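A quick write-up on the structure given underneath.
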Amino acid sequence: MGRSAAPALPVGTRLVHIGPHKTGTTAIQGALHGAREELSKYGTTVAHKERNPMRAVLGLTGEPGMKGVGRQDASEWERLVADVEAARTDRVVISSEFLADADDAAIKQAVADLGGPAVHIAVTLRSLAKILPSQWQQYVQNDLTVDYPTWLDLMFNRPAREHPNRRFWLRHRHGRLVERWAAAVGPDRLTVIVPDESDRGMLLRSFEELLALPRGVLRQRPDQANRSLTWDEVELVRRCNELLAEQKLPPAAYYTYFRNGAVKRMKTARRPGPDEPAIATPGWALDRTAELGEETARQVSKLGVRVLGDLDRLAERPVCGEPPEEGDPALVEAAAEAIVGAVDAAARRQPSSRLSSPVDEAPAKELAKVLARRASRRVSRRFRAWRRR
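Position in the sequence shown (first residue = 1) + 614 = our numbering.
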């Protein structure tokens, strides 16, 4: 039997999608971003000009972003709030998984700033078994050096003070996450969406229904830059992190030359072969994820929030994968040394004080303005130097 359509949210609603990470957020944000002009014809405004208003949300939560990006000023959040208030369409939508990192005070402020009783929260959930390897490799792309088996042991079996990624359980104890946001808006203004892995269109259809959009307006827009790394690729990045730590590379240089340079190039220019091993999660960790999935399903069921999809999917336990065979360590070491050498040489040529803040996610017009301002400053500096001759 097919899933019945979700009732559209009332006119005046501000739909706030909080993720969490690795639950289809990139697909949702890409679809919204790519269709923003068309959405306005149907009474919906995407409040943020970026694909993901990460910097604005970090300005609200006070949390650090990616290494080299740094903390964001609260004015970033205030600009997003102003854009929401300026919208004149029937509905407004915001999507950022970084809202899942908000503490109770930030949740309260977000709801109040974005419209109070007009706010409706959307939470997308998947089995933790599918989130674990994706989150670990994402952390590795942000300077983590801990290998996967050790990371799992630390996160599941050691006290919180020993966790290398302290926000992981804040965003991924999903029952508690839903409970905290439901407490801020009320259970009648929160929708949990559990995608059906066998129906790839279900997630975007759910958002179309909530926003009263025609079927097919939101479309998958593949983002090769966000693909998961294979086991060998993530191990190469992890080894580079170890070597870069020895070089004491400035955070801004790490972001500019390594994460947004070497790693991004590998993800966009290279297509892994079908035989390349994926990250394999050991059986004991999969057992724990199934237990946590059952716990989440019970918690969410008791809250009285709207659920689209089947909560039982959260407790699904995939078959334990085989650990990949050890690659050639000499090749990994050679590649890592070569990459680190190139990154270090580039960083030494450009002092960290001259490295600009990231702009790669800015819309084209905004990016053009940034580049124009930088070019203008360079011309001014050269002119002043010429006059001093």
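Backbone N, C-alpha and C define an ideal beta-carbon position, used for all residues, glycine too. This one's a predicted model, so the numbers in the text were calculated from it and none came from an experiment.
Q. When the Cα atoms are used, what is the spatial distance from methionine 668 to valine 792?
A. Working through the sequence shown from its first residue, we reach residue 668 at position 54. Working through the sequence shown from its first residue, we reach residue 792 at position 178. Methionine 668 and valine 792: Cα-Cα distance of roughly 20 Å.
Q: Mind checking which residues open and close the beta strand (DSSP E) that includes valine 877?
A: Here residue 877 refers to the residue found at position 263 of the sequence shown. Per DSSP, valine 877 belongs to no beta strand (DSSP E) and is neither H nor E.
Q. With respect to the beta strand (DSSP E) encompassing histidine 593, which residues constitute its N-terminal and C-terminal limits?
A. Residue 593 lies beyond the stretch modelled for the chain, which goes from 615 to 1003, so this question has no answer here.
Q | cysteine 854 versus arginine 794 - alpha carbon distance | A | In the sequence shown, the residue the question calls residue 854 occupies position 240. In the sequence shown, the residue the question calls residue 794 occupies position 180. Each residue's alpha carbon lies about 38 Å from the other.
Q. Among all the DSSP beta bridges, which residues are the ones paired with isoleucine 807?
A. Against the sequence shown, residue 807 aligns to sequence position 193. According to DSSP, isoleucine 807 bridges with Thr738, Leu922.
Q: Measure from the alpha carbon of leucine 694 to the alpha carbon of each residue in Ala661, Arg885, Leu646, then state which is nearest.
A: Counting from 1 along the sequence shown, the entry for residue 694 is found at position 80. Minimum Cα distance to leucine 694 is reached at Ala661.
Q: Name the two residues that bound the continuous beta strand (DSSP E) containing histidine 631.
A: Within the sequence shown, numbered from 1, the residue matching residue 631 stands at position 17. Start and end: 628–631.
**Q.** Endpoints, the beta strand (DSSP E) within which arginine 693 is located
**A.** Within the sequence shown, the letter at position 79 stands for residue 693. Element bounds for arginine 693: not the beta strand (DSSP E) but the alpha helix (DSSP H), 688–700.
Q) Would you call the CB atoms of serine 741 and glutamate 930 closer than 8 Å? A) Start at 1 with the first residue of the sequence shown, and residue 741 comes out as number 127. Start at 1 with the first residue of the sequence shown, and residue 930 comes out as number 316. Against a cut-off of 8 Å, the Cβ pair of glutamate 930 and serine 741 comes out as a contact.
Q: Helix, strand or coil for serine 710, going by three-state DSSP, please let me know.
A: Position 96 of the sequence shown, counted from the start, is the residue given in the question as residue 710. Serine 710: coil per DSSP, three-state reduction.
Q. Three-state secondary structure (DSSP) at valine 914?
A. Counting from one through the sequence shown, the residue named residue 914 turns up at place 300. Of the three classes helix, strand and coil, the one that applies to valine 914 here is helix, per DSSP.
Q: May I have the straight-line CA-CA distance separating valine 630 from histidine 734, to the nearest angstrom?
A: Here residue 630 refers to the residue found at position 16 when the sequence shown is read from its first residue. Here residue 734 refers to the residue found at position 120 when the sequence shown is read from its first residue. Distance between the alpha carbons of valine 630 and histidine 734 is about 6 Å.
Q: Please list, in chain order, all residues of the same chain as arginine 829 whose beta carbon is under 8 Å from its beta carbon, the five residues on each side excluded.
A: For this step, residue 829 is matched to residue 215 along the sequence shown. Answer for arginine 829: Arg819, Glu822, listed in chain order.
Q.
Helix, strand or coil for threonine 639? Go by DSSP, reduced to three states.
A. Stepping through the sequence shown from its first residue, residue 639 is reached at position 25. Helix at threonine 639.
(Q) I need the DSSP call for arginine 705, collapsed to helix, strand or coil. (A) As a first step, residue 705 is located in the sequence shown; it is residue number 91 there, counting from the start. Arginine 705 falls in the strand class under three-state DSSP.
(Q) Under 8 Å: do the segment 887–901 and the segment 779–787 share three or more Cβ pairs, one atom per stretch? (A) no
**Q.** Sufficient close CB pairs (3 or more, under 8 Å) joining the segment 800–817 to the segment 636–645
**A.** yes
Q.
Am I right that proline 610 and leucine 917 are in contact with their C-beta atoms under 8 Å? What's the rounded C-beta distance?
A. Any answer about residue 610 is impossible in this case: the structure gives the chain only from 615 up to 1003.
Q) So what's valine 831 in DSSP terms, helix, strand or just coil? A) Stepping through the sequence shown from its first residue, residue 831 is reached at position 217. Three-state result, valine 831: coil.
(Q) Pull the bridge partners of valine 946 from the DSSP assignment, please. (A) One-based indexing of the sequence shown puts residue 946 at position 332. None; valine 946 has no bridge partner.
(Q) Could you tell me the alpha carbon to alpha carbon distance between alanine 645 and asparagine 756, rounded to whole angstroms? (A) As a working mapping, residue 645 is identified with position 31 in the sequence shown. As a working mapping, residue 756 is identified with position 142 in the sequence shown. Whole-angstrom Cα-Cα distance: 25 Å.
Q | Nearest-angstrom Cα separation, counted from glutamate 651 out to glycine 673 | A | Translated into positions along the sequence shown, residue 673 becomes position 59. Translated into positions along the sequence shown, residue 651 becomes position 37. Rounded to the nearest angstrom, the two C-alpha atoms are 27 Å apart.
Q | Same chain, Cβ closer than 7 Å to proline 621, five either side skipped, listed in chain order | A | On the sequence shown, residue 621 is found 7 positions in, with the first residue counted as 1. Contacts found: none.
Q | 6 Å CB neighbourhood of alanine 653 in its chain, flanking five on each side removed | A | For the purposes of this step, residue 653 is taken as the residue at position 39 of the sequence shown. According to the sequence as given, residue 653 is leucine; it is not alanine. Hits under 6 Å: none found.
Q. In this structure, does DSSP put leucine 863 in helix, strand or coil?
A. Counting from one through the sequence shown, the residue named residue 863 turns up at place 249. Looking at leucine 863 - three-state DSSP - the assignment turns out to be coil, as it is neither helix nor strand.
Q. Hey, leucine 713 and valine 683: beta-carbon distance below 8 Å or not?
A. Indexing the sequence shown from 1 puts residue 713 at position 99. Indexing the sequence shown from 1 puts residue 683 at position 69. Cβ atoms of leucine 713 and valine 683: not closer than 8 Å.
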